[in-house]
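In the numbering used here, the protein residues as written are -12 to 616.
What follows is a set of notes on a single structure, which appears directly below.
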Amino acid sequence: MSDLQRGRETSGQRVLDGTDRDILEKAGDDAIETVWDRFTDQQPRCGFGHLGVCCNRCAMGPCRIEPFGKEPTRGVCGADADLIVARNLLNDISTGAAAHSDHGREVLEVLLSTAEGTSQGYRVIDMEKLQAVAAEYGIRSEGRRTAEVAADLARAMLEEYGTLKNRIQMAERAPQKTKEAWTKAGIVPRGVDREVVEAMHRVHMGVGADPADLILHAMRTALSDGWGGSMMATEASDILFGTPVPCTARVNLGTLKKDRVNIVLHGHNPVLSEMIVRAAEEPALLKRAREKGAKGINLVGMCCTGNELLMRHGIPIAGSILDQELAIVTGAVDVMVIGSQCIFPSITHTAACYHTKVVTTSEKSRVPGAVPLVFRPDTALDTAEAVIALAIENFPGRNPDRVRIPAKPVRMTAGFSEEAVREAFGGSYRPLIDAIVAGGVRGIVGIVGCNNPAVRQDYGHVMLAKELIRRDVLVVETGCAAVACGKAGLMVPEAADLAGEGLKALCTAARVPPVLHMGSCVDCSRVLVMAAHLADELGTGIGDLPLGGAAPEWYSQKALSIATYFVASGITTVLGIPPRVYGSRKVLDLLTSRLREVVNASLAVEPDPVKAADFLEEEIERKRRALGI
Ligand code: BF8
């Protein structure tokens, strides 16, 4: 029996959105365990772990440190709390950087096989971006076939992962002043493979004992994600699948359909889901679906695969990380396709309580109980068709008595790639910059990252976004933060009515929402590019701009990497969930204060969204004063 059934916590205390509440109550009725139940069962959590002072790095341990005693204690090797906290943080950030960047590598491998003619179903869609990015790498396009240019570019980008040069090409997009700050601090990013391997070396026992040095390497590793692995994931995806332009779509669990074959596309990498979108239009498959009694095939996204499909095709998105079990609990999901990242390892147990089949598609992400239909570039379309065929076969297995789909999906506008944002303002950032300089718009904040059962789902994202737009701060979003604000109705142009007068005027003129959906988590790289353009136009560094970042409900190491590369790029970022660093005053002081001397930005922790908005507003005003605006 779930805790919800036992009445310890109401569904309304766990989630903000009404459709989520409805299905969470059904989970209680159906006696289905959810992430919120497991979270409750894990309380109270280990205090040492919370503070970051637990070390299980070597076989002389595990050790745990009492950080607040009179005499500082040390682990068996001699490491104190500061070192243990710094090593653990570097380890977490490196894990996040690796996950984003390995995703990028997978997209580049598809780009390469497409250029070499060995992939199935793919082609280069955005020639303009192909040529523009190729030019950055010194690759000539004129008079050459698309395939030749794409092959050269894919190889050049794949080589970036382990480049022998001591810098990566994409980081050249950063403004000069920002690069100079990196050079001075010794954190110019090199290839992400190198940074992550070096991080793993550095967290080994006996490799340096200076926490500050480890934090600097964490920043370098995160930069190699943001300006490297993630940026390459974004650009290669745009080249292959198209650079997003604004589109209207629907969001929440109400996007599932009672009378259609429902396929949920969950995970991160868009390479197979793009083929599934194509295959779902196959007349033969549609005919088969009708023969099985369905009116058609309904694809809906989830998490960042969902964001990728939403951005490029307007495919509806059912929800974010905490919605994955709830989608199954509707009883209407015929197949849930999983790739990698942010997939609960227990998802097949949830699915086993209904008729839902889980299909695992990533070599790296095998899940017991899931049907393996593994993605390979050369058989991608065949695999996509097999996934859809499986869902059609499974459709009659639904138990109509156990199906409940919430009534109303919410309308949202998505598709704001960096290019699309610029386009929306008339082809240049001038109107936005003018509004910022004149003071009608105070600044821009990127709200990013996950949901976490420690916070009422979506509350942190939605409240912070509302507070900021009310204060004339433009909000840009990615990941689950974007899904949250989409569900809350903040991503339609009419939401400008909730904004302050200056922001409202800007949004109304450009016909854009005050909260812009910029994509999946790797697309935080779009925020960096936007910041670089703004800084270039003002002839300054990113750290001088009135910008901010926030991850109000983060859980993932990937979000920690994003927050770190935001800060390392000059964007002060607030976390709503405390990172595990409170066992070290030194590390805390470094992150929240001393980093300002290095990059004019720092990390902060503030769970209350209104206070987080106060903090970000102060930071924006500090930077405005320094700019003399
Ligand atoms: O990469 S925001 S929960 S889905 S980690 Fe995961 Fe966090 Fe969602 Fe996207 Ni990002």
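Yeah, the Cβ is synthetic: ideal placement off N, Cα and C, and Gly gets one too.
For residue i, which option in the options has the closest C-alpha, if you only look at C-alpha atoms?
i    : options                   : result
V428 : A121, R457 and M47        : R457
A471 : D365, V462, D445 and M219 : D445
P501 : P231, I434 and R567       : I434
F331 : H342, Y341 and A357       : A357
E167 : Q29, V586 and D601        : V586
A373 : V120, R572 and M262       : M262
G62  : F55, G56, P49 and R74     : P49
G149 : T348, D180, L515 and K116 : D180
A281 : A266, N249 and A492       : N249
E268 : A371, I174 and V345       : A371
E222 : G193, V345, P257 and M192 : P257
K573 : V597, E12 and V40         : V40
G56  : P594, G570, S128 and M144 : G570
L99  : S224, W214 and L547       : S224
For residue i, which residues in the same chain have their Cβ closer than 7 Å to its Cβ, ignoring the five residues on either side in sequence?
i      : result
M(-12) : The predicted position of M(-12) is uncertain, since its pLDDT is 47 and thus under 50; a value taken from the coordinates is nonetheless stated next. Once the five neighbours on either side are set aside, the close Cβ partners of M(-12) are A18.
T60    : I52 and E53
S307   : C290, N438, C467, V470 and A471
T208   : I80, S81, A84, E182, V183 and A186
G283   : R247, L273 and A276
K610   : D531, L532 and P533
A452   : I434, V462, C472, L477 and V502
Please report the residue range of the beta strand (DSSP E) in which residue i lies.
i    : result
L503 : V502 to H504
K344 : K344 to T347
L38  : Counting along the chain, L38 falls outside any beta strand (DSSP E), though it belongs to the alpha helix (DSSP H) covering G34 to L38.
A599 : Note, A599: premise wrong, no beta strand (DSSP E); alpha helix (DSSP H) at P596 to L614.
L590 : L590 to V592
T400 : V397 to A401
L562 : T560 to L562
A538 : L534 to A538
A319 : Unbroken run through A319: none, as it is neither H nor E.
I434 : G430 to I434
A305 : I304 to G306
Which same chain residues, not among the five before or five after residue i, have their C-beta less than 8 Å away from its C-beta?
i    : result
G392 : First, the amino acid is wrong: residue 392 is Ile here, not Gly. So the qualifying residues of the chain are L240, G241, L243, K244, K245, T317 and A319.
G288 : V251, L252, H253, S260, N294, E295, L296, L297, I302, P303, I304 and A305
T527 : P162, K164 and L614
G229 : I112, D113 and R299
P233 : T400, A401, G402, F403, A407, A411 and V499
Let's see if you can read the secondary structure: which residues bound the alpha helix (DSSP H) around residue i?
i    : result
N285 : Not the alpha helix (DSSP H): N285 falls in the beta strand (DSSP E), residues I284 to M289.
C472 : G466 to K474
N381 : A367 to N381
E73  : Per the sequence presented here, residue 73 reads as Ala, with Glu not at that position. Residues A68 to A102.
H255 : Careful: H255 lies outside any alpha helix (DSSP H) and carries neither H nor E.
I315 : Q311 to V316
T235 : Premise fails: T235 lies in the beta strand (DSSP E), C234 to V238, not in any alpha helix (DSSP H).
A477 : Position check: residue 477 holds Leu in this sequence, whereas Ala was assumed. Neither: L477 is in no alpha helix (DSSP H) and is coded neither H nor E.
L578 : Looking at the DSSP string, L578 is not in any alpha helix (DSSP H), and its letter there is neither H nor E.
I456 : Y446 to R457
I330 : First-last for I330: undefined, no H or E at that position.
S548 : Q544 to S556
Given 7 Å as the limit, tell me if residue i has its C-beta closer than that to any heavy atom belonging to the ligand BF8.
i    : result
Q311 : no
S307 : yes
Q328 : yes
K545 : yes
C467 : yes
C508 : yes
G436 : yes
C472 : no
Y446 : no
H504 : no
Y542 : yes
C340 : no
C33  : no
H255 : yes
G42  : Note that residue 42 is Cys in the sequence shown, not Gly. No, the beta carbon of C42 sits no closer than 7 Å to any heavy atom of the ligand BF8.
Can you give me the Cβ contacts of residue i inside the same chain, cut-off strictly under 6 Å, excluding the 5 residues immediately before and after it?
i    : result
E606 : G535 and T559
G473 : V238 and M399
A220 : H90, G91, V94 and V509
I431 : L461 and L534
G489 : G427, V428 and D459
R583 : S589
V554 : T560, A588 and L590
Looking at the ligand NAD, does it come within less than 7 Å of residue i, judged from the CB to the closest heavy atom?
i    : result
C290 : Only the ligand BF8 can be found as ligands here, which leaves the ligand NAD out of the picture.
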